[in-house]
Amino acid sequence: MEYQYHQLKNGIKIIHKEEQSAVAHCGLMVNTGSRDENEQESGMAHFIEHLIFKGTKKRKAYHVLSRIENVGGDLNAFTTKEETCIYASFLQPYYEVSLELFADVA
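Note that the working numbering has the sequence shown beginning at 15, numbered continuously upward.
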């Protein structure tokens with residue numbers, strides 16, 4: 015497997031792998047999870063993960079999910095002890111719509 019690696023000036027690392035497929039995927043991994051919570055913050059990482067779908071400055075909650083579903087995509091997230099992940103799968107011809115939504119949510 016051949017990956018391309020880039021690091022932006024702000025420190026964000028991008029790993030890219032081109033596939034010949036009708037479906038594309040993207041994800042954002044944040045290096046924080048439940049291990050970073052103290053006793054009073056227990057469950058906070060998971061709570062914040064769910065807030066991702068409650069809307070943005072540009073979109074209400076309904077518009078977040080309907081936007082990607084309208085182009086055959088899916089947006090989801092999960093939290094582990096080590097990380098929080100937001101990920102999307104979408105039909106390749108709609109990558110611009112999907113990535114714009116993903117960037118807004120992330």
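Using N, Cα and C, we set each Cβ at its ideal position, and we do this for glycine too.
Looking only at C-alpha atoms, which of the options sits nearest to residue i?
i: glutamine 106; options: Thr93, Ala38, Arg73; result: Ala38
i: serine 103; options: Ala117, Gly86, Glu96, Lys95; result: Gly86
i: aspartate 88; options: Glu51, Tyr19, Val111; result: Val111
i: lysine 72; options: His60, Phe61, Glu114, Cys40; result: Glu114
i: threonine 46; options: Val78, Glu63, Ala75, His20; result: Glu63
i: tyrosine 76; options: Tyr101, Val119, Glu97; result: Val119
i: leucine 42; options: Ile66, Glu55, Thr70, Gln54; result: Ile66
i: alanine 91; options: Ser56, Arg81, Phe116, Ser80; result: Phe116
Buried or exposed for residue i, going by 16 or more other Cβ atoms inside 10 Å?
i: threonine 93; result: buried
i: isoleucine 36; result: Isoleucine is not the amino acid found at residue 36; the sequence shown has alanine there. Answer is exposed; the Cβ neighbour count stays below 16.
Could you give the residue range of the alpha helix (DSSP H) that holds residue i?
i: isoleucine 82; result: 75 to 83
i: leucine 65; result: 58 to 65
Residue i and residue j look like a contact to me (Cβ under 8 Å); what is the Cβ gap, rounded to whole Å?
i: lysine 31; j: tyrosine 17; result: 5 Å
Between residue i and the ligand ZN, is the CB less than 7 Å from at least one heavy atom?
i: glycine 86; result: This structure simply doesn't include the ligand ZN, nor any ligand for that matter.
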